[in-house]
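Those letters in the sequence shown? Residues 1 to 376, by the UniProt record's numbering.
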Amino acid sequence: MTILRSHSRLYLRTPPPSPISNARGLKSAAVNDEILADYLEKTLQVPDLTLPESYGLPNNKNENNHSHRHHIPFEINYSALKSRDEDSIRQLFQSVTELGVFRLTGHGVSAEELRATISEADLVFRSAIKKKKKPNLSINLGSRKVIREEFFWFGEGNEMDATLAAQMGNERYTLLSQKLDDIYDQLDAVAENVGQILFENMNVEPELEKRTDVQERESVLCYYKFSKTHRLNNDDGNELQRQLFDEEEKKNGNLSKAHAFSLYLYVGDQKFHVHTERGSLSCKACSSTIVVTIKKQLEEWSHGRLKCVPGEPIVDRNIHVNPSYAIEFMYSPSSSFLSYNSNNRRMDYISIFDQILIVITAALLYSLISYISSKL
């Protein structure tokens, strides 16, 4: 089977710069050392290897390949899913029960609208005061160390961030909030329809009434910006970055428990890496495709039938030139949504029960009438 290898820069014809300064003085030596460090960073990297999407990684090598013929998330059309197409629902549940992830096309968020929103959101990243509480985090994505910046948006009804509005100007902030609210509303509608289908077709009762600890949580729209990391020249800085990364991992773990599932959108063509029970896999992600991953909340509600999986983007090798952007919509069903589904379940149950009673009553009445008629 052919393995696709991306362009590698391991072999360069130009010789590496000398680690020894050509001029005297510490300043010139430091400059030359930085050039050498840049050279090593660009050349001593493991090349990216990308498996074709038709290739799968079963856990057991002795397993029948026919039982594992599909090891990538299904790509499902959103309109077909909304219309309750049987094949689409079957593919959805096959993906979320086996892999914990699926892809959604035709979701209605245009690439132009997404780029325009990201362009406005980039003003937040570039402003001195951002809508986030932590400084930039240096993290590892694949074989690359990058900086991930983020800020959160909670939809309409939230008080305006006066500090950010003063930083950007009220007019610019109003435009930004309108675009963010539009994306929020569109993704919330998609997530609610997906959630409705998941709840309708889960065979195990999720005991919605007992989940009072999550009913008041709100869905969150998170914007990410990935860019090249800056070197830290002292141990204190490295220790700070390590502590921040540990805090971020803990926070992401809490968010996974607090939300049912996430929708991921990317500007441009990207790859999305998922860690599943069957191994690691990568799938395409772009503005026309939403990657949906199951979170801990929904896994608990389904008693483990749906699989919670962590996922991360595969950052482009040219990230030092052009930053990469992503959107994650962390969906948590509202209390009204939970009550509606719970009531529907009761109505379905009562409806079946009523039908049985009607049949029994009709049979008894027929027997009684027949008996009376026979005596006359």
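Cβ coordinates follow ideal geometry from the N, Cα and C atoms, glycine included.
Count the other CB atoms within 10 Å of the CB of residue i; is the residue buried (16 or more) or exposed (fewer)?
{"i": "L92", "result": "buried"}
{"i": "C260", "result": "Per the sequence shown, the amino acid found at residue 260 is Ala instead of Cys. A260 comes out buried."}
{"i": "E328", "result": "buried"}
{"i": "K375", "result": "exposed"}
{"i": "residue 389", "result": "Not covered by the structure: residue 389. The range shown for the chain is 1 to 376."}
{"i": "M347", "result": "Interpretation of M347 is limited by its pLDDT of 44, a score under 50 that renders its predicted location unreliable; no figure is taken from the coordinates."}
{"i": "I118", "result": "buried"}
{"i": "V359", "result": "exposed"}
{"i": "L180", "result": "buried"}
{"i": "L57", "result": "With a pLDDT of only 41 at L57, under 50, the local geometry of the prediction cannot be trusted, and no value is derived from it."}
{"i": "L198", "result": "buried"}
{"i": "L365", "result": "exposed"}
{"i": "R126", "result": "exposed"}
Rounding to the nearest angstrom, what Cα-Cα distance links residue i and residue j in this structure?
{"i": "A165", "j": "R172", "result": "8 Å"}
{"i": "M330", "j": "R103", "result": "15 Å"}
{"i": "Q196", "j": "Q270", "result": "28 Å"}
{"i": "D188", "j": "Q167", "result": "28 Å"}
{"i": "K134", "j": "I314", "result": "Below a pLDDT of 50, predicted positions are generally treated as unreliable, and K134, at 46, falls in that range; the measurement from the model is reported next regardless. Each residue's Cα considered, the two are about 23 Å apart."}
{"i": "F272", "j": "E312", "result": "6 Å"}
{"i": "K228", "j": "I35", "result": "16 Å"}
{"i": "A285", "j": "Q355", "result": "47 Å"}
{"i": "R84", "j": "H107", "result": "15 Å"}
{"i": "A162", "j": "T174", "result": "11 Å"}
{"i": "E120", "j": "L176", "result": "6 Å"}
{"i": "E86", "j": "M202", "result": "14 Å"}
{"i": "N65", "j": "V124", "result": "Below a pLDDT of 50, predicted positions are generally treated as unreliable, and N65, at 41, falls in that range; the measurement from the model is reported next regardless. If you take the alpha carbons of N65 and V124, they lie about 49 Å apart."}
{"i": "S373", "j": "G304", "result": "58 Å"}
{"i": "F152", "j": "L265", "result": "15 Å"}
{"i": "K296", "j": "A258", "result": "7 Å"}
{"i": "S79", "j": "A37", "result": "51 Å"}
Assuming the contact rule is C-beta atoms closer than 8 Å, residue i and residue j should be a hit. Round their C-beta distance to whole Å, please.
{"i": "Y224", "j": "A111", "result": "In fact, because the Cβ distance is near 18 Å, the residues do not count as touching under 8 Å."}
{"i": "V274", "j": "S287", "result": "Not a contact, Cβ separation roughly 19 Å."}
{"i": "I76", "j": "S88", "result": "5 Å"}
{"i": "T276", "j": "G100", "result": "6 Å"}
{"i": "K307", "j": "E300", "result": "About 12 Å; that fails the 8 Å criterion."}
{"i": "V220", "j": "F154", "result": "6 Å"}
{"i": "E113", "j": "C222", "result": "Incorrect: roughly 18 Å between the Cβ atoms, too far for contact."}
{"i": "F226", "j": "S302", "result": "The pair is not a contact, with the Cβ atoms about 32 Å apart (cut-off 8 Å)."}
{"i": "E192", "j": "S332", "result": "11 Å between Cβ atoms; not a contact."}
Among all the DSSP beta bridges, which residues are the ones paired with residue i?
{"i": "T289", "result": "T105, C286"}
{"i": "M330", "result": "V220, S262"}
{"i": "E312", "result": "H273"}
{"i": "S280", "result": "H275"}
{"i": "N77", "result": "T105"}
{"i": "W153", "result": "L221"}
{"i": "Y371", "result": "Answer by DSSP bridge pairing: none, since Y371 is not bridged."}
{"i": "S324", "result": "F226"}
Inter-stretch contact (C-beta, 8 Å, three-pair minimum) for the segment 166–184 and the segment 282–293: no
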